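Have a look at the structure below before the remarks.
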Amino acid sequence: MTKPLLELKNVVLKVNRNTPEEIMILDHLNLTINAGDFITVLGSNGAGKSTLFNAIGGDLSIDSGQILLNGKDISHESVEKRTRFLARVFQDPKLGTAPRMNVAENLLLAERRGQRRTLAPRHLNKQLDRYKEITATMHNGLDERLTTATGNLSGGQRQALSFLMATLKRPEILLLDEHTAALDPQTSQDLMHLTNERVQEEQLTCLMITHHLEDALTYGNRLIVLHHGKVTFDVAGADKDALTTEKLYSFFAEIE
Amino acid sequence: MSLIVSAIGQGLLWAVLGVGLFLTFRILDFADMTVEGTFPLGAATAVAAISNGMNPLLATLLAFAIGAIAGLITGLLYTKGHIPILLAGILVMTACYSVNLRIMGRANVSLLGKSTLFKNHFLASLPQYFDSVFLGTLVMVVITGLVIYFLQTQLGQGFIATGDNQTMARSLGINTDNMKIMGLMVSNGLIAFGGALVAQNNGYADVNMGIGIIVIALASIIIGEVAFGDLTLNQRLVAVSLGSILYRFVLLIVLKLGFSANDLNLLSSIILALCMMLPVFKKTFNFKHILKRGLDTND
């Protein structure tokens, strides 16, 4: 399980290119992600966390360096192509689901992530029983609302659905961008538990951005800190288990 | 009576525009101005082709194809050229004006003495105005059926998702640029198809016949929605045809009130504006509350 799955080599990403406001968001960043890693990503605002995700996802093109998946260079592949191996959950519950389509339709869309979509009928009804079972695992009433437009769901239900959609077709890499941040504390915690359970069960390779130091310490087998576009801290296994919030706070105080 | 039948026939023939515009206005969620150019483009194409001896059915299908090409250009300007959709549509619409004059050779071309879709033995045997009712029904059943089928396919679902939430659609591997281009092509193809039908029904094509088309097409969509309330997507598509017929009735009443045909564009805009502001009025005046108070018995 220690084969590198995704490698970022000397990745540079600038915004406002060729203008006086040019800023280097990712500064020769190096990161090797092994299959089965569950990495929590910490860093202050503007450290480049979301940009890192957008670089991996292909939303932002990199200026130099390489992104390798299983040794293959994917630096210039389109967003659509990368969805074959990549799934994402966004912070904003509105971004993860289609509001005018119902829960089942959203799941059906997600099940074909990265695959060709043809003029074949969608066959939604055949899937309903299975979707009911899957949504029931969320324990938040989603299974009773399969035919409800997702725009009418609560933020917690929407975000749980977004997470389900991301994992319905197993991704090689799962990117969670503060996916519980917009929820109330209880709902947020429930979704965090579910996330952890699912990632463990399916042995997913996952990166999770969070601002909760406790979550970053509790979950995952590895923790990285981004600062000024570089990975400044990277611990795994027993070293990570030995970390405490105090140690992290003092580390942050040091780098600022 | 014959006026009513005529209104139904006209409503059905013009309903193609509503279904075409539905794809962009309601599903992709933007207003595509190209249609003001593709409607006369379809008419010009069909009339020119028929005048040159082409079979009317083939000429009508050719109009669809030419309209789709105009939609393709708008789509490319919008997605690849990053021109805002409103402006991209206006650019193609403006360009179409010149193209239409080129196709027809002059501003107005008559189909007098030429064969059209309406001139066949069966349609001629029907009572007056029933030819457009028959042909309009046939066209709308086929087109609405095809669109409904398409929207229930894997591709169609990706198309709907693109208009609903682009970020999500992209994160699921849906090529949203291609979806928008496809939507604009089919939409403008249908509008041009409608132009070809209307031109054959009227017996001529005119370079100015596109003015106000987007308002007419929107009217059938909005009136259908206002009249029939909460509907599923499929039902809303059927409601477009009914909305288009209702719109013709409204025009009929307006003409009966003594307005001239020259006032129609002004009146159409006013009707559409009122319909689109209905939600605001409902909120401001709280119709339901007033209605309830009026109907409730004093207890």
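Which chain is which? The protein sequence lines are A and B, in order.
For the first sequence, the numbering used here begins at -9 and goes up steadily by one.
For the second sequence, the numbering used here begins at 20 and goes up steadily by one.
The beta carbon of each residue, even a glycine, is placed where N, CA and C say it ideally should be.
None of these values were measured; they are calculated from a predicted model.
- Per DSSP, the beta-bridge partners of Ile29(A) are Leu197(A), Arg212(A).
- Shown here, Asn24(A) sits in a strand according to DSSP, grouped into three states.
- Take Phe41(B), set aside five residues on each side of it, and the residues of its chain with a beta-carbon closer than 7 Å to its own are Ile240, Leu256, Val259, in chain order.
- Put simply, the backbone Cα of Leu142(B) is about 25 Å away from that of Met228(B).
- Secondary structure remark: continuous alpha helix (DSSP H) runs of at least 4 residues inside the region 102 to 136 of chain A, in chain order: 118 to 126.
- Taking 8 Å as the cut-off, the Cβ atoms of Thr181(B) and Ile193(B) count as close.
- At a beta-carbon threshold of 7 Å, the residues of chain B lying near Arg90(A) are Asp183, ordered along the chain.
- Judged by DSSP in its simplified three-state form, Arg78(A) adopts strand.
- The beta carbon of Ala62(B) sits closer than 7 Å to those of Gly214, Ala215, Val217, Ala218, Ala224, Met228, all from its chain and outside the five residues before and after it, given in chain order.
- Between the region 24 to 34 of chain A and the region 193 to 210 of chain A, the count of C-beta pairs closer than 8 Å reaches three or more; the two stretches touch.
- Here DSSP, grouped into helix, strand and coil, assigns Asn139(B) to coil.
- In terms of Cβ geometry, Ala89(B) and Gly39(B) do not form a close pair [threshold 8 Å].
- No Cβ of chain A is located within less than 8 Å of the beta carbon of Gly56(B).
- Think of a sphere of 7 Å around the beta carbon of Asn194(B): the chain A residues whose beta carbon falls inside it are Glu70, in chain order.
- Rounded to the nearest angstrom, the gap between the Cα atoms of Thr53(B) and Gly202(B) is 12 Å.
- For the pair Leu151(A) and Leu143(A), the CB atoms are nearer than the 8 Å cut-off.
- Interface criterion not met: the Cβ of Thr251(B) is under 8 Å from no Cβ in chain A.
- Annotation for Val189(A): Phe28, Cys196 place their beta carbon closer than 6 Å to its own, counting only its chain and skipping 5 residues before and after.
- Thr172(B) is bridged by DSSP to Pro111(A).
- Listed in chain order, the non-local C-beta contacts of Phe223(A) below 6 Å within the same chain comprise Val215, local neighbours out to five positions each way being set aside.
- For the region 66 to 137 of chain B, the full-length alpha helix (DSSP H) segments reaching 4 residues or more read 75 to 98, 104 to 123 along the chain.
- In the structure shown, Leu(-2)(A) adopts extended strand secondary structure according to DSSP, grouped into three states.
- For Lys302(B), the enclosing alpha helix (DSSP H) begins and ends at 297 to 304.
- Rounded to the nearest whole angstrom, the CA to CA distance from Ala84(B) to Asn74(B) is 15 Å.
- Under the three-state reduction of DSSP output, Phe49(B) falls in the coil class, being neither helix nor strand.
- The beta carbons of Lys39(A) and Asn20(A) sit about 16 Å from each other, so the pair does not count as a contact at 8 Å.
- Non-local C-beta neighbours of Glu162(A) in its own chain, meaning closer than 6 Å and more than five positions away in sequence, comprise Phe75, ordered along the chain.
- In the DSSP annotation of this structure, the continuous segment of the alpha helix (DSSP H) that includes Thr185(A) starts and ends at 175 to 192.
- Under the three-state reduction of DSSP output, Tyr239(A) falls in the helix class.
- In its chain, beyond the 5 residues on either side, Leu22, Ile23, Ala26 have a beta carbon closer than 8 Å to the beta carbon of Leu271(B).
- Annotated as proximal: Ala88(A) and Asp183(B), with beta-carbon spacing under 8 Å.
- Thr73(A) has a beta carbon lying within less than 8 Å of a beta carbon in chain B.
- Annotation: Leu209(B) is outside any beta strand (DSSP E); the continuous alpha helix (DSSP H) that includes it extends over 195 to 221.
- In this structure, DSSP gives Thr234(A) a state outside helix and strand, which the three-state scheme calls coil.
- When secondary structure is reduced to three states using DSSP, Met159(B) falls in the helix class.
- Within the region 29 to 99 of chain A, the runs of alpha helix (DSSP H) at least 4 residues long that lie entirely inside it are, in chain order, 39 to 47, 69 to 72, 83 to 86.
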